[in-house]
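Written below as C-alpha cells is the structure these notes are about.
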Amino acid sequence: MTTTKATIATSGLPIEGSDRRREQYKRFFRRFVLLTLVSSLVPLLLVGWGINVHYTRFARERLTEKFNREVDNHHRAIELFFKEHSSKLQLMARTHSKEYLSHPGNLNKVFELINHDHPTLTDLGLIDHTGRHLAYVGPYDLMDKNYADAFWFQQVLKKGIFISDMFLGFRREPHFIMAVTSSENGEPWILRATINTETFRALVENVRIGKSGEVYLLNTEGIYQTTPRFGGAIMEVAPLPLLAEHQGTDLRFVTQDYPGRSSTSSRRIVCSVWLKEPRWLLVVTQSYDEAFNAVNHANFAVLVFLLISALTILIVAVLVTRHMLTMIRRRDRESDQLNQQLMQTSKLASIGELSAGVAHEINNPLAIISTERQILLDCAKQTGQMEVSFQEQFNDSMSQIDIQIQRCKRITHNLLRFSRRTQSVMETVHLNAFILEVVDLMEREARASGIKFVTTLEPELPVMISDPSQLQQLFLNLITNAIDAHDGKPYGRVEIATTGTADGQGVRLSISDTGCGISAEHMEKIFDPFFTTKPVGKGTGLGLSICFSIIQRLGGRIDVHSEPGQGTRFDIELPLHPPAEMMQYN
Numbered sequence: 242m243t244t245t246k247a248t249i250a251t252s253g254l255p256i257e258g259s260d261r262r263r264e265q266y267k268r269f270f271r272r273f274v275l276l277t278l279v280s281s282l283v284p285l286l287l288v289g290w291g292i293n294v295h296y297t298r299f300a301r302e303r304l305t306e307k308f309n310r311e312v313d314n315h316h317r318a319i320e321l322f323f324k325e326h327s328s329k330l331q332l333m334a335r336t337h338s339k340e341y342l343s344h345p346g347n348l349n350k351v352f353e354l355i356n357h358d359h360p361t362l363t364d365l366g367l368i369d370h371t372g373r374h375l376a377y378v379g380p381y382d383l384m385d386k387n388y389a390d391a392f393w394f395q396q397v398l399k400k401g402i403f404i405s406d407m408f409l410g411f412r413r414e415p416h417f418i419m420a421v422t423s424s425e426n427g428e429p430w431i432l433r434a435t436i437n438t439e440t441f442r443a444l445v446e447n448v449r450i451g452k453s454g455e456v457y458l459l460n461t462e463g464i465y466q467t468t469p470r471f472g473g474a475i476m477e478v479a480p481l482p483l484l485a486e487h488q489g490t491d492l493r494f495v496t497q498d499y500p501g502r503s504s505t506s507s508r509r510i511v512c513s514v515w516l517k518e519p520r521w522l523l524v525v526t527q528s529y530d531e532a533f534n535a536v537n538h539a540n541f542a543v544l545v546f547l548l549i550s551a552l553t554i555l556i557v558a559v560l561v562t563r564h565m566l567t568m569i570r571r572r573d574r575e576s577d578q579l580n581q582q583l584m585q586t587s588k589l590a591s592i593g594e595l596s597a598g599v600a601h602e603i604n605n606p607l608a609i610i611s612t613e614r615q616i617l618l619d620c621a622k623q624t625g626q627m628e629v630s631f632q633e634q635f636n637d638s639m640s641q642i643d644i645q646i647q648r649c650k651r652i653t654h655n656l657l658r659f660s661r662r663t664q665s666v667m668e669t670v671h672l673n674a675f676i677l678e679v680v681d682l683m684e685r686e687a688r689a690s691g692i693k694f695v696t697t698l699e700p701e702l703p704v705m706i707s708d709p710s711q712l713q714q715l716f717l718n719l720i721t722n723a724i725d726a727h728d729g730k731p732y733g734r735v736e737i738a739t740t741g742t743a744d745g746q747g748v749r750l751s752i753s754d755t756g757c758g759i760s761a762e763h764m765e766k767i768f769d770p771f772f773t774t775k776p777v778g779k780g781t782g783l784g785l786s787i788c789f790s791i792i793q794r795l796g797g798r799i800d801v802h803s804e805p806g807q808g809t810r811f812d813i814e815l816p817l818h819p820p821a822e823m824m825q826y827n
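Below is the structure:
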C-alpha cells in the first residue's frame, strides 16, 4: 500500500496560471538580469579602465626614468674612462721628456705603469713631428711605420689631444687610438696609445637589460664602434637611423625590423645620449614587450579579474533573479489560492443565502399543506361513517402526506443549518451529529451513483470547540472526492468512522472509499493547489488543498493511505481545542 503523510506544509508547486504570466516572468528575468549587469559591470569596467590607465602611465614613467638614469650613469662611466686615460697620457707627456721616453725601456715602464691596475692599453708609441716612431711598446711591428699621412696625425697636432673612431690602420683590425701632444725646443711630439678593444667593449656592454637589451656606440656616421649583442659588427653601418645631435638623453619608441635579429621584437625602446669626446652616440635599447612585461602581466591580471568578476556578477544576477522569480511565483500562487478560496467561500455564502431563501419559501407551502391535511382529518371525523375501503385509503393518504411533509421539513432544516455555517465562528461542535448532518445532505447524490454510506461513530466522543463552517467545507470536500473516486464503477461504499485519541485531547476521523485509489506518482501532489486528475471543467484542484489548509489552521493533521484500484483512506486528527491564535482571531 502506498502511504504519504502531510503534517506541516505541502511541498508541491502550482501550475502556471497562463502563458501571459509566463511571458511576464521571462521578461522580468531578462530585464532584471540586464539591469543588474549594467549597474554592476559599468562601474566595474570604469574602475578597471581607470586603474589600467593610471598604472600603465605610472609604470611607463617609471620605466622611462629608469632607462634615462641607467643611460646617464653609463654615459658618465664611459666619459670618465676617456677622461681618466687622456689625463694619464697628458700627465706622462708633461712629466717626461721626449729623450727620456725614447730611451729603451723607459716607455715600457710608462706602459706598465698605466696598465698596472687594468690592461686598458694595447700598445704605446712615441712619434715625432714627422710621423716617425721614436719608441714603441706593443705586440705589433710598427717601429718602421710612418703616420704623417694618417688622419689622426694632423688632428692631434691641431687639437693637442685626439680620440679616433674605430679604424683598421696598419694592423688591419678594428681599433681606436688616443693621442696627446707635447713639445720640446719648438718641435712637437706625440704620445699615442691604442685602447684595448675587449676591455673597452666590456665597459660599454656591461649593462644588460633583460633578455632583449643591448648597448652599443655609434660614431657621427652611424657606424658601430662596439659590437651589438644581437648581430652586427664593429665598423658596420647600423640599421637604426642615426639621431641628430641632441642635449641630454633622448628616449623614444621605435618600430623597425632588424635584419638577422629574429629573436628581438620589431618594437623597441631606444634611449641615447651623445658623448662629448669622442663624438659618439651611446645607445641602450630593449624590446618593448619585455620592458613592459610587468605592466602587461598586471594588465592581464586585471583583465582576468574583471572577467572573473563579470562572470561572478552574471552568475549571481541569474541566481538572485531566479530566486526572486521563485518568490514572486510563490506569492502569485498563494494569491491565486487565496482568491480561489475567497471565491469558494463566496460561493458557499451565496449557496447558504440561497438555501435559506429556498428553505423559507418551501416551509410556507408545507405549513399550508399541513394545515389543509389537518382540516381534512377533522372533516373526516365529523362526516361520520365511511366505507371501510375508502377510510383505509384516506388514512393511508393522510399518513403519506404527513411523512412527506416531515421529510421536507427535515431537508429545509438542514438547509437552514447549512446557511448559518457559512460564517466563520468558534463554537461547540458535536462531531458525530455534525457528520450525520453532512451525510444526510450528501446521501441523495451518493445513492444516485450507487454509493452507500457506512458510519461507525464512537458514542462517547467528547465535545470539541471548532469552526463549523470550516469543518463543513472540510467534510463536504472529502466526501465529494470519495464519491467522485467511484466514477466508472456501478456501486461503491464510503465508510466514515470516529474515535477519540489515546490522550483524550482530540478526536480522530476516518473517511475511506472503495474507489479508484491514487497512484504513487500523484500521491506527493494531491495537496498541491490546482492539482487534479479530473477531466477539465469537473475539478479545480483546490478541494484537498483547502482541506489541508483548514486542518492546519485548526491545529490538526491528515494522513493518506491509498492503493490504486482498491480505494483511499483519509485519517484526520483534530484537537478538542483549536490553537490560541484561532480563538484570539475569533
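Using this note's numbering, the letters of the sequence shown map in sequence onto residues 242 to 827.
Just so you know, even glycine gets a beta-carbon here, dropped at the ideal spot from N, CA and C.
query: When we look at the beta-carbon of Cys620 and count the other beta-carbons within 10 Å, is it buried (16 or more) or exposed?
result: exposed
- prompt: Between the region 482 to 499 and the region 515 to 531, do three or more beta carbon pairs fall short of 8 Å?
  reply: yes
- prompt: Quick one, which of Val599, Asp643, Asn604, Phe631 has its alpha-carbon nearest Ile616's?
  reply: Asp643
message: Determine whether the beta carbon atoms of Met683 and Ile720 lie at a separation below 8 Å.
response: yes
- request: Jot down the residue ranges of each uninterrupted beta strand (DSSP E) in the region 271 to 308, minimum 3 residues, whole runs only, in chain order.
  value: none
query: Taking C-alpha atoms, which residue in Arg263, His316, Gln807, Glu701 lies nearest to Leu444?
result: His316
field: Length at least 4, wholly inside the region 492 to 560: the alpha helix (DSSP H) runs in chain order
entry: 529 to 532
- prompt: If we count the other Cβ atoms within 10 Å of its Cβ and call it buried at 16 or more, is Ser576 buried or exposed?
  reply: exposed
message: Here's a check: name, in chain order, each residue in its chain whose Cβ is nearer than 7 Å to the Cβ of His370, leaving out the five neighbours to either side.
response: Glu428, Pro429, Trp430
task: Starting from the Cα of Leu330, find the closest Cα among Ile418, Leu275, Arg794, Asp382 and give me that residue.
output: Ile418
message: Beta-carbon within less than 6 Å of Val524's beta-carbon, same chain only, minus the 5 sequence neighbours each way: which residues are those?
response: Tyr457, Ser513
- prompt: Are Arg433 and Ile355 close, meaning C-beta to C-beta below 8 Å?
  reply: no
query: When burial is assigned at 16 or more other CB atoms within 10 Å of the CB, is Lys339 buried or exposed?
result: buried
- request: With a threshold of 16 other CB atoms inside 10 Å of the CB of Thr505, please say whether the residue is buried or exposed.
  value: With a pLDDT of 46 at Thr505, under the threshold of 50, the modelled position of this residue cannot be trusted, and the question is left open.
- prompt: To which residues of the same chain is Ser503 closer than 8 Å at the C-beta, ignoring the five residues directly before and after it?
  reply: Its pLDDT being 48, under 50, Ser503 is placed unreliably in this model, and the coordinates cannot settle the point.
When Cys649, Ala558, Leu481, His326 are compared against Glu522, the one with the closest alpha-carbon: Per the sequence presented here, residue 522 reads as Leu, with Glu not at that position. The shortest Cα separation from Leu522 among Cys649, Ala558, Leu481, His326 belongs to Leu481.
field: Pair within 8 Å by beta-carbon distance, Thr361 and His326
entry: yes
field: Meets three-Cβ-pair contact criterion under 8 Å: the region 631 to 639 and the region 664 to 680
entry: no
Test item: CB-CB of Asp363 and Leu492 under 8 Å: Rather than Asp, the amino acid found at residue 363 in this sequence is Thr. No, the pair does not count as a contact, with Cβ atoms beyond the cut-off.
message: For Thr496 and Val511, which I take to be in contact (beta-carbon distance under 8 Å), what is that distance rounded to the nearest angstrom?
response: The pair is not a contact, with the Cβ atoms about 11 Å apart (cut-off 8 Å).
query: Mapping DSSP to helix, strand and coil, what is Tyr381?
result: coil
- prompt: Roughly how many angstroms lie between the CA atoms of Ser343 and Leu332, to the nearest whole one?
  reply: 16 Å
message: Using 8 Å for Cβ pairs, my map puts Thr490 next to Val312. What's the rounded Cβ distance?
response: 5 Å
query: What separation, rounded to the nearest whole angstrom, lies between the Cα atoms of Phe411 and Lys386?
result: 8 Å
When Gly797, Ser707, His359, Thr739 are compared against Pro700, the one with the closest alpha-carbon: Thr739
- request: Please confirm if the region 800 to 807 is in contact with the region 745 to 752, defined as three or more CB-CB distances below 8 Å between the two stretches.
  value: no
field: Nearest candidate by alpha-carbon position, reference Thr697, set Ala558, Ile556, Ser751
entry: Ser751
task: Mark Ala420 as exposed unless 16 or more other C-beta atoms lie within 10 angstroms of its C-beta, in which case mark it buried.
output: buried
- prompt: In chain order, what residues of the same chain have a beta carbon less than 8 Å from the beta carbon of Ile792, not counting five sequence neighbours either side?
  reply: Leu715, Arg798, Ile799, Ile813, Leu815
- prompt: Does DSSP put Thr361 in a helix, in a strand, or in coil?
  reply: coil
- prompt: In angstroms, rounded to a whole number, what distance separates the CA positions of Leu365 and Ile450?
  reply: 35 Å
message: Run through the DSSP bridge pairs and tell me what Ala761 is partnered with.
response: Paired residue(s): none; Ala761 is not in a bridge.
message: Taking DSSP's pairing of strands, which residues face Ala723 in a bridge?
response: Paired residue(s): none; Ala723 is not in a bridge.
message: Our contact map puts Ile724 next to Ile767 with C-beta atoms below 8 Å; I'd like the distance itself, whole angstroms only.
response: About 16 Å separates the two Cβ atoms, so there is no contact after all.
task: Consult DSSP for Gly427 and reduce its assignment to one of helix, strand or coil.
output: coil
message: Can you tell me whether Glu822 is helix, strand or coil according to DSSP?
response: helix
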